[in-house]
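> Numbering of the sequence shown is given in our numbering, commencing with residue 1304 and proceeding in unit increments. Virtual Cβ for every residue (Gly too), placed ideally from N, Cα, C. Note that this is a predicted model, so its numbers are computed, not measured.
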Amino acid sequence: MQIRTLRIVGDQISTLGAWQFDDLSNPAELAIAFGNIEGIKQLGLRADLKQLAKNWLAGSSCLGCADQAGLNNSSAPSVTVLLIDDPTGHYGVGSAELTGNIADKASNALQMAMDIAGKSHELPNLIWCLQAPGTEEAVIQGIENLVGDQVPIFGGSTADNDVSGQWLQFDGNTLSANTLLLAVFYPSTPISNFFSSGYFLTECHGVATAVTERRLYSIDNQPAAKIYNQWLQQTNNSVLNPGNILMESTLFPLGREVKQESHLPFYLLSHPAVLHEDGSLSLFSEIQVGEQLWLMQGDKTDLIARAGEVVRTAKQNLKFHYNCDAAGAIIVYCAGCMLAVKDNIDEVQQAIQAELGDIPFIVTFTFGEQGCFVDGSNRHGNLMISAVLIGAHHANE
1304 MQIRTLRIVG DQISTLGAWQ FDDLSNPAEL AIAFGNIEGI KQLGLRADLK
1354 QLAKNWLAGS SCLGCADQAG LNNSSAPSVT VLLIDDPTGH YGVGSAELTG
1404 NIADKASNAL QMAMDIAGKS HELPNLIWCL QAPGTEEAVI QGIENLVGDQ
1454 VPIFGGSTAD NDVSGQWLQF DGNTLSANTL LLAVFYPSTP ISNFFSSGYF
1504 LTECHGVATA VTERRLYSID NQPAAKIYNQ WLQQTNNSVL NPGNILMEST
1554 LFPLGREVKQ ESHLPFYLLS HPAVLHEDGS LSLFSEIQVG EQLWLMQGDK
1604 TDLIARAGEV VRTAKQNLKF HYNCDAAGAI IVYCAGCMLA VKDNIDEVQQ
1654 AIQAELGDIP FIVTFTFGEQ GCFVDGSNRH GNLMISAVLI GAHHANE
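Written out as structure tokens, the structure is:
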């Protein structure tokens, strides 16, 4: 197992010579690439990428991305590519347009990826999901319709810089703004992962009593916006007026308890996006009637440190369960969190690097996060952080 990263900026994206490695004699099994919108656009014009990797999964990340060399947030077109060179492993990427029956499309894309990997009837060790925002829950359902709920699903929804819908996905062949890409991992070495957030619980809570998909109409049979503003007041914060509240609500999402383990609660977050005149709230993830909702609160210092803590947990799990060090890491950090700590985002990268040292890694800033929570179930949430670490050698070697 060998993992490496390439950082490509400006005209280098269109110059294959800038991408070469002296010790890479054959194409890598999988390339995962993140970058700004113009960088992914230029990547999508390349017709020779299969010389570098057999399978590609690439998408736009809010204001660039990061890797072990630091932030890759150039105003010029830029991408970072993480290459997984694992000759005895098996990988595949399937794709589908996000139209029609989304769950069926996800099942089809997953089967395509498994076929490409040469493992049509074998469960993957991990599924990586990259898609346009908006239908993440249906995608997870479609994946589980095919392979059940025992395979960890990780990933993040593609992003732009201002939620204007300019996000992009690229599978090495086709550039799109409304596509699902699924990568399957059958690596020759162990994988470890962790999915969490950097928010803490307040004392404010209630029950969702009227919901339609991602629109929350009432909490405790009262208008959701009224209750949400009451909670903000109770925690000494300013109430919000009707309109787009995406930035204002970043540090005050709604949380749902996932599991009580060792008396430590874990929460899946939903980010309020719009406060409507009718008193409802639009969210970036689905909530079900009857779910207990808590007002969560974030602190910039905690959000900066949390990415490193998530990586540390995944690293400890890899060592504890497999006696294995990491060869590389794929990290998802919510774009909302990134924007909240934008002036200190370099400290987030430094916190990750403090845990991984010289190990290659890539970080994407996303508009929705998918991961396997502590209860073993796959979830879509907002304002979340995840880390997937790929082992450097076979377990216990």
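My output table needs one value for Phe1676: the three-state DSSP class, helix, strand or coil.
On the sequence shown, residue 1676 is found 373 positions in, with the first residue counted as 1. It is coil, neither helix nor strand.
> How about Arg1310 and Ala1372: do their beta carbons lie closer than 8 Å?
Taking the first residue of the sequence shown as position 1, residue 1310 is located at position 7. Taking the first residue of the sequence shown as position 1, residue 1372 is located at position 69. A contact, by the Cβ cut-off of 8 Å.
> Which same chain residues end up closer than 8 Å to Asp1649 when comparing Cβ atoms and leaving out the 5 residues on each side of it in sequence?
The sequence position of residue 1649 within the sequence shown is 346, counting from 1. Cβ neighbours of Asp1649 beyond the five flanking positions: Gly1373, Leu1374.
> For a test of your reading of the model: does the CB of Ala1336 fall under 7 Å from any non-hydrogen atom of the ligand FMN? Yes or no.
For the ligand FMN, the structure offers nothing, since it holds no ligand at all.
> State buried or exposed for Asp1425, treating a residue as buried only when at least 16 other CB atoms are found within 10 Å of its CB.
As a working mapping, residue 1425 is identified with position 122 in the sequence shown. It is worth fixing the name first, because residue 1425 is Glu in this sequence and not Asp. Exposed is the call here.
> My output table needs one value for Cys1640: the three-state DSSP class, helix, strand or coil.
Looking up residue 1640 in the sequence shown gives position 337. It is helical.
> Any idea what DSSP makes of Gln1371, helix, strand or coil?
For the purposes of this step, residue 1371 is taken as residue 68 along the sequence shown, with counting starting at 1. Here Gln1371 sits in coil by DSSP.
> Would you be able to state if there are at least three C-beta pairs under 8 Å between the region 1653-1660 and the region 1462-1481?
Flag = no, the region 1462-1481 and the region 1653-1660 do not touch.
> Taking just the CA atoms, how far does Ile1665 sit from Ile1634?
Numbered from 1 along the sequence shown, position 331 holds the residue referred to as residue 1634. Numbered from 1 along the sequence shown, position 362 holds the residue referred to as residue 1665. Their Cα atoms are separated by approximately 6 Å.
> For a test of the three-state rule: what should DSSP assign to Ser1541, helix, strand or coil?
For the purposes of this step, residue 1541 is taken as the residue at position 238 of the sequence shown. Residue state, collapsed to three classes: coil.
> May I have the straight-line CA-CA distance separating Leu1572 from Gln1525, to the nearest angstrom?
Within the sequence shown, numbered from 1, the residue matching residue 1572 stands at position 269. Within the sequence shown, numbered from 1, the residue matching residue 1525 stands at position 222. So the two alpha carbons sit approximately 21 Å from each other.
> Which residues in the same chain as Leu1586 place their Cβ atom closer than 8 Å to its Cβ, once the five residues preceding and following it in sequence are excluded?
Along the sequence shown, read from residue 1 onward, the residue named residue 1586 stands at position 283. Closer than 8 Å at Cβ, skipping near neighbours: Arg1517, Arg1518, Leu1519, Leu1557, Ser1573, His1574, Pro1575, Ala1576, Asn1685.
> Per DSSP, what are the beta-bridge partners of Thr1667 in this structure?
By one-based count along the sequence shown, residue 1667 stands at place 364. In DSSP, Thr1667 forms a bridge with Cys1368, Val1635.
> Do Gly1582 and Leu1471 have their beta-carbon atoms positioned less than 8 Å apart in this structure?
Residue mapping note: residue 1471 aligns to position 168 of the sequence shown, counting from 1. Residue mapping note: residue 1582 aligns to position 279 of the sequence shown, counting from 1. No, these two residues do not count as a Cβ contact at 8 Å.
> Leaving aside the five residues before and after Ala1399 along the sequence, list all residues of the same chain whose C-beta is less than 6 Å from its C-beta, in chain order.
Taking the first residue of the sequence shown as 1, we reach residue 1399 at position 96. Contacts found: Lys1408, Asn1411, Ala1412, Leu1483.
> Cys1368 and Ala1462: beta carbons closer than 8 Å?
Working through the sequence shown from its first residue, we reach residue 1368 at position 65. Working through the sequence shown from its first residue, we reach residue 1462 at position 159. No, the Cβ-Cβ distance between Cys1368 and Ala1462 is not below 8 Å.
> Tell me whether Asp1314 is buried or exposed, calling it buried when 16 or more other Cβ atoms sit within 10 Å of its Cβ.
One-based indexing of the sequence shown puts residue 1314 at position 11. Label assigned to Asp1314: exposed.
> Under three-state DSSP, which class holds Glu1440?
Taking the first residue of the sequence shown as 1, we reach residue 1440 at position 137. Glu1440 falls in the helix class under three-state DSSP.
> Which value, in whole angstroms, describes the spacing of the CA atoms of Ala1441 and Met1304?
Within the sequence shown, the letter at position 138 stands for residue 1441. Within the sequence shown, the letter at position 1 stands for residue 1304. Computed Cα separation, rounded: 33 Å.
> Where does Val1691 fall in DSSP's three states?
One-based indexing of the sequence shown puts residue 1691 at position 388. Strand, per DSSP.
> For Phe1503, does the count of other Cβ atoms within 10 angstroms reach 16, so buried, or fall short, so exposed?
Taking the first residue of the sequence shown as 1, we reach residue 1503 at position 200. Exposed, by the Cβ-count rule.
> Between the region 1493-1500 and the region 1674-1694, do at least 3 Cβ pairs fall closer than 8 Å?
The region 1493-1500 vs the region 1674-1694: in contact.
> What is the C-beta distance between Ile1405 and Gly1458, in whole angstroms, given that I count them as a contact (C-beta under 8 Å)?
Mapped onto the sequence shown, residue 1405 falls at position 102. Mapped onto the sequence shown, residue 1458 falls at position 155. Going by Cβ atoms, the distance from Ile1405 to Gly1458 rounds to 15 Å, so no, they are not a contact pair.
> Could you tell me whether the Cβ atoms of Val1510 and Met1417 are closer together than 8 Å?
Residue 1510 sits at position 207 when you count from the first residue of the sequence shown. Residue 1417 sits at position 114 when you count from the first residue of the sequence shown. In this structure, Met1417 does not lie closer than 8 Å to Val1510 by Cβ.
> Sort out for me which residues DSSP pairs His1508 with in a bridge.
Counted from its first residue, the sequence shown places residue 1508 at position 205. DSSP lists Trp1597 as partners of His1508.
> Cβ atoms of Leu1554 and Gly1601: under 8 Å apart, would you say?
Against the sequence shown, residue 1601 aligns to sequence position 298. Against the sequence shown, residue 1554 aligns to sequence position 251. Yes, these two residues count as a Cβ contact at 8 Å.
> Of the choices Asn1647, Leu1549, Asn1681, Phe1668, whose alpha-carbon is the least far from that of Asn1448?
To locate residue 1448, count along the sequence shown from 1; it is residue 145. Checked all of Asn1647, Leu1549, Asn1681, Phe1668; the closest Cα to Asn1448 is Asn1681.
> Can you say whether Pro1380 is buried or exposed, counting buried as having 16 or more other CB atoms within 10 angstroms of its CB?
Along the sequence shown, read from residue 1 onward, the residue named residue 1380 stands at position 77. With 16 or more other Cβ atoms within 10 Å, it is buried.
> Between the Cα of Thr1667 and those of Gly1679, Gly1674, Cys1637, spot the shortest distance and give me the residue it belongs to.
Reading the sequence shown from its first residue, position 364 is the one you call residue 1667. Closest by alpha carbon: Cys1637.
> Starting from the C-beta of Asn1544, find all residues in its chain whose C-beta is less than 8 Å away, skip the five residues before and the five after it, and write them out in chain order.
One-based indexing of the sequence shown puts residue 1544 at position 241. Answer for Asn1544: Leu1578, listed in chain order.
> Enumerate in chain order the residues of its own chain whose CB-to-CB distance from Asp1452 is below 7 Å, with the five nearest sequence positions on each side excluded.
Taking the sequence shown and counting its residues from 1, one reaches residue 1452 at position 149. Once the five neighbours on either side are set aside, the close Cβ partners of Asp1452 are Ser1680, Asn1681.
> When you compare the CB positions of Pro1330 and Cys1675, do they come within less than 8 Å of one another, or not?
Taking the first residue of the sequence shown as position 1, residue 1330 is located at position 27. Taking the first residue of the sequence shown as position 1, residue 1675 is located at position 372. No, the Cβ-Cβ distance between Pro1330 and Cys1675 is not below 8 Å.
> So, at 8 Å on beta carbons, what are the nonlocal neighbours of Asn1540 in its own chain, with the 5 sequence-adjacent residues on each side left out?
The residue given as residue 1540 occupies position 237 in the sequence shown. Phe1555, listed in sequence order.
> Could you check whether Ile1419 and Val1396 sit closer than 8 Å to each other, using their CB atoms as the reference points?
Working through the sequence shown from its first residue, we reach residue 1396 at position 93. Working through the sequence shown from its first residue, we reach residue 1419 at position 116. Contact flag set, yes.
> Is it buried or exposed for Met1550, if we count other Cβ within 10 angstroms and need 16 for buried?
Working through the sequence shown from its first residue, we reach residue 1550 at position 247. Exposed, by the Cβ-count rule.
> Please determine, among Met1415, Thr1669, Ile1343, Lys1357, the residue with the shortest C-alpha to C-alpha distance to Val1382.
Position 79 of the sequence shown, counted from the start, is the residue given in the question as residue 1382. Nearest of Met1415, Thr1669, Ile1343, Lys1357 to Val1382, Cα basis: Ile1343.
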